[in-house]
Every structure is written in C-alpha cells, then in structure tokens.
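Throughout, the working numbering is defined as the position within the sequence shown, counted from one, plus 459.
Down below is the structure, laid out as structure tokens.
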Amino acid sequence: MNLSSFSVKRPVGLCMCVLSLIVFGISSVFSMKMESTPEMNMPVLMVRTSYSDASPEEVDQLVTDVIESALSQISDVDSMTSRSSEGSSMTMLEFDYSVDTSEKREDIEEALQRVRLPDSADDPVVMEMSMDSSTIMELSIQGEGSDKLMSYIDETIVPELEKINGVASVETMGGSRKYALATSIFLVFVVMAFQFESCRFSLVVMLSVPFSMTGAFLALSVTGMSISMTSLIGLIMLVGIVVNNAIVLIDYTSYLRKTQGMSPMDALIASGKSRLRPILMTTLTTILSLIPMAAGIGGKVEMMQSMAVVVIGGLSISTLLTLILVPTVYLIFDKQDRNRRKMEKGKNPRPPKHNRRDQALSLEQVPHEFQDNL
Numbered sequence: 460m461n462l463s464s465f466s467v468k469r470p471v472g473l474c475m476c477v478l479s480l481i482v483f484g485i486s487s488v489f490s491m492k493m494e495s496t497p498e499m500n501m502p503v504l505m506v507r508t509s510y511s512d513a514s515p516e517e518v519d520q521l522v523t524d525v526i527e528s529a530l531s532q533i534s535d536v537d538s539m540t541s542r543s544s545e546g547s548s549m550t551m552l553e554f555d556y557s558v559d560t561s562e563k564r565e566d567i568e569e570a571l572q573r574v575r576l577p578d579s580a581d582d583p584v585v586m587e588m589s590m591d592s593s594t595i596m597e598l599s600i601q602g603e604g605s606d607k608l609m610s611y612i613d614e615t616i617v618p619e620l621e622k623i624n625g626v627a628s629v630e631t632m633g634g635s636r637k638y639a640l641a642t643s644i645f646l647v648f649v650v651m652a653f654q655f656e657s658c659r660f661s662l663v664v665m666l667s668v669p670f671s672m673t674g675a676f677l678a679l680s681v682t683g684m685s686i687s688m689t690s691l692i693g694l695i696m697l698v699g700i701v702v703n704n705a706i707v708l709i710d711y712t713s714y715l716r717k718t719q720g721m722s723p724m725d726a727l728i729a730s731g732k733s734r735l736r737p738i739l740m741t742t743l744t745t746i747l748s749l750i751p752m753a754a755g756i757g758g759k760v761e762m763m764q765s766m767a768v769v770v771i772g773g774l775s776i777s778t779l780l781t782l783i784l785v786p787t788v789y790l791i792f793d794k795q796d797r798n799r800r801k802m803e804k805g806k807n808p809r810p811p812k813h814n815r816r817d818q819a820l821s822l823e824q825v826p827h828e829f830q831d832n833l
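As structure tokens, then:
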C-alpha cells in the first residue's frame with residue numbers, strides 16, 4: 460500500500476497527524492528570536508590603537524608599522540590590512556573559517572605585549588568582528604497608506620537622517636515591501652490556475668505551501684537558528700519549489716482520469732504509486748545539494764545557512780504531505796467523487812407512499828356490520 464492509498468483510506472488519522480504538526484510548527488515560531496541578520500562567527504580580528512593629536516603620517520610610522528611587524532608572526536592569516544587616520548590606527552586580520560579565533564586572539568595579545576609604542580599612545584585593543592558589532596538604531600513609523608508613507612520616508616526623512624554626523628547609512632524596511640511573500644504566493648497560484656484550468660485544483664496544489672513553512676520553522680527551531688532576513692528569503696524561494704511535487708501528482712492523476720477513465724480514488728492511488736520515485740528523487744537531489752551550505756561546509760557560507768535550513772526543512776515536510784495529504788484534499792474538492800460518496804453513504808430511499816383508498820384492508824379492519832357481506 461503506497462502513501463496515497465493510505466491517505467485516502469484513513470483521512471481521520473491523517474488529519475490528526477497534520478494538526479499535531481501545525482501545533483508544533485506554531486509553537487516553534489513563538490519560541491524563536493528574530494534578528495535582522497543571522498548570527499555569524501566571522502574569522503576576523505581587529506587591533507585598534509589610539510594616538511591622540513597625531514597626524515596620519517605619524518600614526519602610520521610610529522604605530523601602524525610597529526603593530527604590523529609584531530603581527531606578521533601570527534600563523535594562518537589570510538590577509539592583513541591596516542588604516543592610519545588622525546589619532547587612530549586600525550589593523551584587521553582575516554583568518555580561514557576553520558581557524559579558532561579565540562586561540563588566535565591570545566596569540567595576538569601576547570605579540571602586542573612586546574611592542575614599543577609612543578608614551579602618549581594607548582594600549583592596543585583586540586576586537587572580534589561580528590554582524591552585531593556595528594552600531595544600529597531602529598526607528599518605527601506607523602500610519603495609513605503604506606505607499607504614500609514609504610514615499611514620504613524615502614524622500615523626506617531619510618535625507619535628513621543621512622545629514623546627521625556619524626550616520627554611515629540609512630535603510631528602510633516595511634511598507635509594501637513586506638508583501639513580497641504574499642505576492643510570490645499569488646503569482647504561483649495564478650500559474651497553477653492556468654496550468655490546471657481550475658481554481659479548485661490549484662488550491663489543492665497550493666496547500667503544500669503553508670505546510671512547507673511549518674517545516675521550515677521547525678527546522679530553524681531544531682537547529683537553534685533565528686528568523687532573519689536570510690531565512691525569509693528562503694521562504695520566498697520555498698514557495699516556488701514545494702509546489703513541484705504536488706503538480707506532478709495532480710497532473711498525472713488528471714491524465715489517468717481523462718485517458719483511462721479511472722475514478723478519482725483509483726487515479727490517485729495509481730498516480731501516487733507511479734510518481735513516488737520521481738518525486739523522491741527530485742526532493743533528495745535538492746536537499747543533498749543544500750546540505751553542505753546548511754552545515755557551513757566550505758567556509759564563508761554562514762550568512763546563507765538559515766536559508767538552506769529553511770528550504771531543507773520546508774521541502775522535506777511538504778514532500779511528505781504531498782504524498783499523504785494532497786490526495787485526501789483532492790477527493791474533497793472533486794465534485795464527481797463527492798457525489799459518489801454521497802450516493803454510497805446516503806440514506807436508503809423511503810418506500811413510496813400509497814393512498815389509503817388504494818390499500819387493501821384486512822378482515823379485522825372491516826367494520827362488524829359489513830363482515831357478513833364479505
């Protein structure tokens with residue numbers, strides 16, 4: 460018995476399993492933290508030294524050159540860059556992602572203890588670079604008419620903020636931009652409507668989208684990752700990926716019904732058995748290709764890890780539900796099968812009503828004064 464046959468014959472147990480999955484998915488969302496960028500352990504260490512009232516040339520000669528000479532003995536350094544400005548020196552060392560920066564930090568601090576700097580210069584400070592190390596201020600603006608509000612912010616507020624001393628850049632988020640996910644879902648639905656020439660069957664295919672998001676959030680929760688812009692990009696990509704398996708299943712089911720004259724249930728069972736292997740193969744190839752990125756193998760992929768985890772988790776759950784849930788929903792939406800089930804489960808037809816005058820009377824029902832004449 461294949462998964463499609465199991466689902467169409469045991470809809471109650473299937474619905475209970477799906478409801479449990481939804482509960483776990485929703486609970487995982489509330490327990491996760493949200494960040495603008497995912498957490499990253501960047502293999503970059505910076506050495507900052509202050510030298511008050513010194514010109515860039517003096518800083519470069521008396522501080523930067525001395526520090527670079529001391530740090531040149533540090534091993535596993537991919538690159539070293541320095542910048543000398545008025546009263547300040549900054550040296551940045553970049554390592555490979557496989558290097559433990561905590562050990563290298565100890566080596567750098569030990570090397571800096573042997574350098575000789577001008578008396579008026581401060582002691583060098585070693586800092587780790589991370590995505591959260593930059594200074595960020597977030598401002599929230601609410602109002603009616605998101606398009607007009609975003610135009611006013613971009614044209615009026617943003618230029619004023621950029622004039623403030625110390626502001627490096629100003630970025631805006633929200634407004635109509637937050638509907639990117641909804642727009643992608645709508646566009647996929649339109650394509651499905653043209654494909655099947657039926658809004659009902661298009662909804663059946665699109666059913667895999669919300670459950671794929673449940674799997675995506677569960678995967679983020681299991682791996683301990685947060686909801687970030689990168690993971691949201693993965694959700695948008697997921698919308699176009701997860702419908703492929705449902706399209707293969709429903710399209711072949713419709714083909715069997717038209718060409719072979721099969722009933723909806725028989726066509727679904729045959730389609731599930733015939734299309735199981737290509738569905739699993741396409742899913743596995745996608746998942747296997749994303750595993751190195753999700754595991755952070757290869758270096759410099761931490762920024763994209765959450766996106767890969769989202770696609771793997773969402774695609775895994777959506778594939779399972781495509782094989783067991785979509786056939787059941789297909790039968791619910793199909794008019795022919797719904798009418799057949801109504802006839803099978805319908806009540807027995809009532810016996811026809813007869814006129815009392817057409818019914819034969821028994822001897823007991825005839826009055827006594829007329830029984831002698833019979």
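We treat Cβ as the ideally placed atom computed from N, Cα and C, and that holds for glycine.
Note that the coordinates shown come from a computational prediction; the quantities given were computed from them, not determined experimentally.
In the structure shown, what three-state DSSP assignment does residue i receive?
{"i": "valine 585", "result": "strand"}
{"i": "tyrosine 510", "result": "strand"}
{"i": "proline 811", "result": "Any answer about proline 811 is weak, because its pLDDT of 49 lies below 50 and its placement is not dependable; what the coordinates show is given next. Coil, per DSSP."}
{"i": "leucine 478", "result": "helix"}
{"i": "arginine 736", "result": "helix"}
{"i": "glutamate 553", "result": "strand"}
{"i": "phenylalanine 829", "result": "Any answer about phenylalanine 829 is weak, because its pLDDT of 47 lies below 50 and its placement is not dependable; what the coordinates show is given next. Helix, per DSSP."}
{"i": "leucine 576", "result": "coil"}
{"i": "serine 610", "result": "helix"}
{"i": "serine 528", "result": "helix"}
{"i": "serine 722", "result": "coil"}
{"i": "serine 547", "result": "strand"}
{"i": "serine 661", "result": "helix"}
{"i": "isoleucine 533", "result": "coil"}
{"i": "serine 730", "result": "helix"}
{"i": "serine 685", "result": "coil"}
{"i": "threonine 741", "result": "helix"}
{"i": "isoleucine 600", "result": "coil"}
Note the first and the last residue of the continuous beta strand (DSSP E) segment covering residue i.
{"i": "valine 681", "result": "From DSSP, valine 681 is part of no beta strand (DSSP E) but of the alpha helix (DSSP H) over 667-682."}
{"i": "glutamate 565", "result": "Segment 560-571 is the alpha helix (DSSP H) holding glutamate 565; no beta strand (DSSP E) there."}
{"i": "arginine 542", "result": "536-544"}
For residue i versus residue j, is the C-beta distance shorter than 9 Å?
{"i": "threonine 550", "j": "threonine 560", "result": "no"}
{"i": "alanine 529", "j": "valine 522", "result": "no"}
{"i": "threonine 701", "j": "serine 671", "result": "The amino acid occupying residue 701 in the given sequence is valine; threonine does not appear at that position. Their beta carbons are under 9 Å apart, which means valine 701 touches serine 671 by this criterion."}
{"i": "alanine 570", "j": "threonine 508", "result": "no"}
{"i": "arginine 689", "j": "glutamine 764", "result": "Per the sequence presented here, residue 689 reads as threonine, with arginine not at that position. Yes, they are a contact pair."}
{"i": "valine 506", "j": "valine 558", "result": "no"}
{"i": "valine 525", "j": "serine 543", "result": "no"}
{"i": "leucine 478", "j": "threonine 673", "result": "no"}
{"i": "asparagine 704", "j": "leucine 782", "result": "yes"}
{"i": "glutamate 587", "j": "leucine 697", "result": "no"}
{"i": "serine 775", "j": "isoleucine 746", "result": "yes"}
{"i": "isoleucine 728", "j": "valine 785", "result": "no"}
For the alpha helix (DSSP H) that residue i lies in, which residues bound it at each end?
{"i": "methionine 766", "result": "764-783"}
{"i": "proline 502", "result": "First-last for proline 502: undefined, no H or E at that position."}
{"i": "methionine 696", "result": "688-718"}
{"i": "isoleucine 756", "result": "Run containing isoleucine 756: none; DSSP gives neither H nor E here."}
{"i": "serine 642", "result": "The sequence shown places threonine at residue 642, not serine. It spans 639-655 - the alpha helix (DSSP H) in which threonine 642 sits, taken as one unbroken run."}
{"i": "glutamate 516", "result": "515-518"}
Take residue i and list the residues in its own chain whose beta-carbon comes closer than 7 Å to its own, dropping the five residues that flank it on each side.
{"i": "alanine 639", "result": "Ile695"}
Kindly list the residues whose CB is nearer than 8 Å to the CB of residue i, restricted to its own chain and excluding five residues on each side of it in sequence; keep chain order.
{"i": "isoleucine 533", "result": "Leu552, Lys563, Asp566, Ile567 and Ala570"}
{"i": "aspartate 817", "result": "In this prediction, aspartate 817 has a pLDDT of 46, which is less than 50 and means its spatial position is unreliable; what the coordinates show is noted afterwards. Once the five neighbours on either side are set aside, aspartate 817 has no close Cβ partner at all."}
{"i": "valine 536", "result": "Leu530, Leu552, Glu553 and Phe554"}
Excluding the 5 residues flanking residue i on each side, which residues of the same chain have their C-beta closer than 6 Å to its C-beta?
{"i": "serine 548", "result": "Thr508, Val518, Val522 and Thr523"}
{"i": "glycine 693", "result": "Met766, Val769 and Val770"}
{"i": "serine 538", "result": "Glu553"}
Indicate whether at least one CB of chain D lies closer than 9 Å to the CB of residue i.
{"i": "serine 687", "result": "The structure shown has no chain D; it contains just one protein chain."}
Quiz item: With contact counted as at least three CB pairs below 8 Å, one residue from each stretch, are the stretch 605-618 and the stretch 665-676 in contact?
Solution: no
Quiz item: Any chance the stretch 671-686 sits against the stretch 762-769, with 3 or more Cβ pairs inside 8 Å?
Solution: yes
Exercise. Specify whether the stretch 647-660 and the stretch 744-758 touch according to this definition: at least 3 beta carbon pairs, one from each stretch, less than 8 Å apart.
Key: no
Quiz prompt | Sufficient close CB pairs (3 or more, under 8 Å) joining the stretch 741-748 to the stretch 640-652 | solution = no
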